[in-house]
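Residue numbers (this note's numbering): 221 to 738.
One structure below.
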Amino acid sequence: MTRVIHTGDTHIGYQQYHSQIRREDFLNAFNQVITDACDADVDAVIHAGDLFHDRRPSLTDLLGTIDILRDLREADIPFLAVVGNHESTRHGQWLDLFERLGLAERLDNSPRYINDNLALYGLDHVPPSRREELAYEFNPHEATHAALVSHGLFTPFAHADWETETVLTTASVDFDALLLGDNHAPGVETVEDAWVTYCGSTERTSTAEESARGYNLVTFDADVDIRRRSLETRPFVFVSVDLAAGEGTERVCDRLREYDLDDAVVVIEITGDGDSVPPATIETFATDHGALVARVTDRREHPEEGNIDTTVSFADPDAAVEQRIRELDLSTAAHDIDTMIRSDSISDSNIRNTVTEEISELLTNESLDAFTQTSSADTNTFDKTTSTSPEGTQSDSSISSADYTTNPPSSNKETENHTPFVQQPQSTVKDDDTDTKIDSDDMSNDENMDIIADTNRFTNISQDANTDTDTTANIGSDSNAEPSIDRTEETELSDDESDTSETDESNSASSQFTMEDF
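Shown next, in the form of structure tokens:
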């Protein structure tokens, strides 16, 4: 019998709502998973991608992750993982660094045996535009069971763009289970006599993730058994207020008094026919009564607003910015620049130099695919928090503690020739709820426009050169793979960080790592 913890989408480093405390919550949730693994003495911890929220994790997040993984190593429990879309980098993966430190192993197309009973394989996140090139060739194994760990939105779950049936029928190995990450809603289904399961996120990355967060405990014996385990995470309090005519701010405050708001993230939704309610007033009231963070969404259309689009939530205005960016069909290089400009890991005084170096490197390496416009089909994919049943009806995102068992036929398919499949360094999937913010004090509109103009100039040059350049993607090489960055990052800087002095630039450099440092 082999028992493993299946986790993923830990998003360490996510400073949700620009709160440092929320950032610490994500690391604490990951620590809970590892503590549970040590206490239960499982045979392995399997991570299905998005260990970090950002491809440029801070020094604090890196050191915190290393300390946690050391505890797992001391318990002699292997940490086996694949690369998700949020953390992937062009020049190497943080998972590879942890592997060099003896803290983790990166799964690939060769079997990684656990107790000779289970053979584990890995498939990193692959953008939709590159999946047709995948051969799904895996080296044969001699274990009783085989499982594939991957990161993406697979069928039959909601918002899927990756056909599970194609993977299972095309793969050179017969899998008993697919252990997946990317969809933040936990779920279990069967496809082609194999279990397909999402472990869900370990912390709430959006207000849509109302159900408890946790992970899967998977047992491989005669059958495959999947059980849900919950984590103790920061409470989210969801308050719905339906205002009658004449009701307004005071009625909302009365409703908030009915809840325990201490240290909670409070999400208020306002509907009905009442008076206009200032969101800032309600949010201040909630925090004054103990809430860590409060966000208001007023879903009403007030007569004085006319035809103003009310689909933008006060709780998530930055999602509208992200949506507009996707509609522009920018090249991957342009997405890269947008990410840099809005990232809190680069000081204002160093943005122009960083962007210039990035573009120069792409041109020097003839990575001209990065300057080709991407279609909205490749960039309009989100991490979602709901799943659907095979019949297409929406199902509850939570999973009970009941057993999920099956005994699908197992076979060890032998293949004479094996070609490596992709270990994809880039991604196009984004989180449903983002906290990206452009602060006018941090970056002027004029400078943004200058950088965009520089990008357009580089794009025109590269498109001319592209006519004589073979831009066919090399699936087997990270260094030549098509860079495609489309991620959520945050940019609320402190007053100290807003200073454009050389001291800020040196401080930023000292507290941030990139893969080139290793």
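All C-beta atoms in this analysis are idealised placements derived from N, C-alpha and C, irrespective of residue type, glycine included.
Kindly indicate which three-state DSSP category residue i falls into: helix, strand or coil?
i, result
"residue 401", "strand"
"residue 620", "Confidence is the limiting factor: at residue 620 the pLDDT is only 38, short of 50, which leaves the residue's position unreliable, though a coordinate-based value still follows. Looking at residue 620 - three-state DSSP - the assignment turns out to be coil, as it is neither helix nor strand."
"residue 764", "Past the edges of the chain, shown from 221 to 738, lies residue 764, and the structure says nothing about it."
"residue 301", "strand"
"residue 395", "coil"
"residue 276", "coil"
"residue 465", "coil"
"residue 294", "helix"
"residue 387", "helix"
"residue 578", "helix"
"residue 425", "coil"
"residue 321", "coil"
"residue 591", "helix"
"residue 255", "helix"
"residue 479", "coil"
"residue 653", "The predicted position of residue 653 is uncertain, since its pLDDT is 41 and thus under 50; no value can be drawn from it."
"residue 470", "helix"
"residue 225", "strand"
Taking the alpha carbon of residue i as the point to measure from, which residue in the options has its own alpha carbon closest?
i, options, result
"residue 484", "229, 279, 241 and 362", "241"
"residue 370", "364, 418, 332 and 393", "418"
"residue 517", "254, 325 and 489", "489"
"residue 460", "355, 295, 256 and 502", "502"
"residue 270", "314, 279 and 486", "314"
"residue 476", "445, 443 and 515", "515"
"residue 244", "261, 281 and 420", "281"
"residue 266", "450, 436 and 255", "436"
"residue 512", "237, 228 and 492", "237"
"residue 228", "412, 344, 548 and 578", "344"
"residue 286", "259, 250 and 260", "250"
"residue 443", "337, 498, 472 and 479", "337"
"residue 277", "308, 295, 256 and 255", "308"
"residue 295", "541, 350 and 255", "255"
"residue 378", "408, 350, 349 and 304", "408"
"residue 493", "465, 387, 235 and 487", "465"
"residue 481", "471, 583, 239 and 455", "455"
Under a CB-based cut-off of 8 Å, is residue i close to chain B?
i, result
"residue 490", "Checking the listed chains, one finds no chain B in this structure; it contains a single protein chain."
Can you tell me the Cα-Cα spacing of residue i and residue j, whole angstroms?
i, j, result
"residue 233", "residue 457", "23 Å"
"residue 416", "residue 573", "45 Å"
"residue 410", "residue 389", "14 Å"
"residue 283", "residue 247", "11 Å"
"residue 507", "residue 428", "21 Å"
"residue 331", "residue 359", "7 Å"
"residue 544", "residue 560", "17 Å"
"residue 395", "residue 368", "7 Å"
"residue 505", "residue 551", "43 Å"
"residue 500", "residue 398", "45 Å"
"residue 221", "residue 347", "35 Å"
"residue 510", "residue 469", "18 Å"
"residue 273", "residue 555", "17 Å"
"residue 703", "residue 375", "Because residue 703 sits at a pLDDT of 33, beneath the cut-off of 50, its placement in the model cannot be relied upon, and the following sentence gives the value as read from the coordinates. Each residue's Cα considered, the two are about 25 Å apart."
"residue 258", "residue 297", "8 Å"
"residue 581", "residue 591", "12 Å"
"residue 655", "residue 404", "Note that residue 655 scores 40 on pLDDT, short of 50, meaning its location in the model is unreliable; the coordinates nonetheless yield the value given after this. For residue 655 and residue 404, the distance between alpha carbons rounds to 17 Å."
"residue 548", "residue 520", "29 Å"
"residue 577", "residue 306", "22 Å"
"residue 473", "residue 467", "11 Å"
"residue 688", "residue 350", "Per-residue confidence for residue 688 stands at a pLDDT of 41, beneath the threshold of 50, marking its modelled position as unreliable; the derived number appears in the next sentence. Cα to Cα, the separation comes out at about 22 Å."
"residue 450", "residue 583", "48 Å"
"residue 541", "residue 432", "29 Å"
"residue 335", "residue 279", "35 Å"
Would the beta-carbon of residue i fall within 8 Å of that of residue j?
i, j, result
"residue 323", "residue 275", "no"
"residue 380", "residue 361", "no"
"residue 402", "residue 372", "yes"
"residue 430", "residue 252", "no"
"residue 300", "residue 319", "no"
"residue 230", "residue 425", "no"
"residue 342", "residue 354", "no"
"residue 352", "residue 392", "no"
"residue 302", "residue 268", "yes"
"residue 491", "residue 445", "no"
"residue 262", "residue 288", "no"
"residue 385", "residue 412", "yes"
"residue 448", "residue 498", "no"
"residue 571", "residue 553", "no"
Round the Cβ separation of residue i and residue j to the nearest angstrom and send it over; I've been treating them as touching at under 8 Å.
i, j, result
"residue 363", "residue 333", "6 Å"
"residue 293", "residue 439", "The pair is not a contact, with the Cβ atoms about 23 Å apart (cut-off 8 Å)."
The ligand MG and residue i: does the residue's C-beta get closer than 7 Å to at least one heavy atom of that ligand?
i, result
"residue 491", "No copy of the ligand MG appears in this structure; indeed no ligand is present at all."
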